[in-house]
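Beneath this line is the structure, given in structure tokens, with notes to follow.
In the working numbering, the protein residues as written are 517 to 787.
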């Protein structure tokens, strides 16, 4: 199979062979900020997103539901991804550390199985299921929080730890004991099931979200349940357990709930 690396090309500045970002945007093309007012605007995806950060050029293509992320690495620059997310890479890329970690180790260490890629060369990554990808530029001033299975990849300078939600939040969320607390400066790439929706909250604004649709956020939140009748049945379905967010901040949502997909598949398998 013949593979043409994105870094091959015309000898110009930046990463030849790829659309060059606008210098006024500091090499970053991302979702535009929604207009203020109400609970923010819904973001329309579908167009390619291209940008760069310190030795790494990225391109997000095939939006919405078959999205892929292409990373072009300059020599000695690295990036990380969630294990088993690589589609292909050029032979000049050095990959290390692709392994799985058991749930027991996750509980004891709060670490996620990751693969590290060192340039020069190109790496193509994909979400684990059909859906979209959003790039988040982190400047080191505030953390981001990721929902269950939202992490896809990151550049150098980004670190994350598992944050325990505590027993009460775990009971309500149904997504396990940990969410990812991401810190540092660099590019963070998160994946969603279905299309991505961005909500921008102003100071003091609130938004209630079904926890199954959460992807990433950088504002205050708390878990709560809506309604008091039929507690155990509601707990089993997750129907009444939500997250209340308070601005200022940004929230990324996914249009498909993984729990609903599992129920849909199980029903058709007769389980």
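Think of the CB as a built atom: it goes at the ideal place given N, C-alpha and C, for glycine as much as any other residue. Note that the structure is predicted; figures quoted are calculated from it, not measured.
DSSP places residue 642 outside both helix and strand once states are collapsed to three, so it counts as coil.
Each residue's CA atom was taken as its position, placing residue 634 and residue 676 some 20 Å apart.
Going by DSSP, residue 631 is part of the beta strand (DSSP E) stretching over 630-634. Fewer than three Cβ pairs drawn from the segment 714-724 and the segment 654-668 lie within less than 8 Å of each other, which leaves the two stretches out of contact. Within the DSSP bridge table, the entry for residue 723 names 761 as partners.
Take the alpha-carbon of residue 568 and the one of residue 574: they are about 6 Å apart. For residue 606 against residue 637, the beta-carbon gap comes to about 4 Å, under 8 Å, which counts as contact. If you look at residue 601, you'll find it isn't in any alpha helix (DSSP H); DSSP assigns it neither H nor E. Residues 640 of the same chain have their beta carbon placed closer than 6 Å to that of residue 604, with the five preceding and five following residues left out of the count. Counting the other Cβ atoms within 10 Å of the Cβ of residue 782 gives fewer than 16, which makes it exposed. For residue 730, the enclosing beta strand (DSSP E) has its first and last residue at 730-733. Residue 775: member of the alpha helix (DSSP H) spanning 774-785, first to last residue.
Collapsing the DSSP output to three states places residue 567 in a strand. In the three-state reduction of the DSSP assignment, residue 667 falls in the strand class, which pools E and B. The shortest CA-to-CA distance from residue 763 to any of 778, 757, 722 is the one to 722.
The three-state reading of DSSP puts residue 592 in coil, since its state is none of H, G, I, E or B.
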